Amino acid sequence: SEDDINFIKTLYPRSLPLPAETARYFNASATVSKLWPNHSTVTLSLLNMSDAQKKFTQEHIALMQPYINLKLEFIEGPRGDIRIAPTAKGKKSWSAIGTDAKRVHLSKPTMGIDFDSKKKYPGLFMKNLFAQALGFGKQ
13 SEDDINFIKT LYPRSLPLPA ETARYFNASA TVSKLWPNHS TVTLSLLNMS DAQKKFTQEH
73 IALMQPYINL KLEFIEGPRG DIRIAPTAKG KKSWSAIGTD AKRVHLSKPT MGIDFDSKKK
133 YPGLFMKNLF AQALGFGKQ
């Protein structure tokens, strides 16, 4: 619908100047039923991370905040709607897609980040992975 298109355009407007690491256009599809409700608060838990990993994750997620119509709130403990943890050594990054995270038991993460990965643009990769957690499909 036109409302859905306008909503998606508000997430990643192309006319904004962005840092070099995020300069490419965001390409993804979304299943509306997996998007978090407009203007809702989505809680985030950072699990089993070093201080440096937490800082990196928080900083790159915070860069997305102005472009989404959700309130993101970091909370302590494993009760977040989105629970982010490092992946086991050798395992690739992954994420539940949007509200599918609600079906994951609270004892399990809903997103895993491979902090050992040698990505050319780790910040961009982090933002794309978090976009999946918001309900966008893989690019």
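Quick note on numbering: the sequence shown equals residues 13 to 151 in the working numbering.
Using N, Cα and C, we set each Cβ at its ideal position, and we do this for glycine too.
These numbers come from a predicted model, not from an experiment.
Proximity to residue i [Cα-Cα], best of the options
i, options, result
"Pro-78", "His-51, Arg-95, Val-116", "His-51"
"Met-138", "Lys-66, Ser-119, Ile-87, Asp-112", "Lys-66"
"Ser-45", "Gly-110, His-72, Arg-95", "Gly-110"
"Ile-73", "Ser-62, Thr-55, Gly-89", "Thr-55"
"Thr-69", "Phe-86, Arg-115, Glu-14", "Phe-86"
"Ala-97", "Pro-49, Asp-63, Leu-136", "Asp-63"
"Ser-57", "Leu-136, Asp-128, Glu-88", "Glu-88"
"Asn-140", "Met-76, Asp-15, Pro-49, Lys-101", "Met-76"
For residue i, the three-state DSSP class (helix, strand or coil)
i, result
"Thr-122", "coil"
"Arg-91", "coil"
"Lys-131", "coil"
"Leu-75", "coil"
"Asn-50", "coil"
"Met-138", "helix"
Close Cβ partners of residue i (< 6 Å) along its chain, the five nearest in sequence each way excluded
i, result
"Lys-83", "Thr-53"
"Pro-47", "The residue you asked about is not Pro; residue 47 is Leu in the sequence shown. Excluding residues within five positions, the ones whose Cβ falls inside 6 Å are Gly-110, Gly-147."
"Ala-145", "Ile-94, Ser-107, Met-123"
"Phe-142", "Ile-73"
Bridge partners - residue i, DSSP secondary structure assignment
i, result
"Glu-85", "Thr-55"
"Phe-68", "None; Phe-68 has no bridge partner."
"Pro-98", "Ile-125"
"Ala-42", "Phe-148"
"Trp-106", "Gly-124"
Own chain residues within Cβ distance below 7 Å of residue i, not counting five before or after
i, result
"Asp-126", "Thr-99, Lys-103, Lys-104, Ser-105"
Rounded C-alpha distance that separates residue i from residue j
i, j, result
"Thr-122", "Tyr-133", "22 Å"
"His-117", "Arg-95", "10 Å"
"Asn-60", "Lys-131", "21 Å"
"Ala-113", "Arg-91", "12 Å"
"Pro-29", "Ser-119", "Reliability fails at Pro-29, whose pLDDT of 47 lies under 50, so the model's placement of it is uncertain and no value is given."
"Arg-115", "Pro-49", "16 Å"
"Asp-128", "Glu-14", "41 Å"
"Glu-71", "Lys-101", "23 Å"
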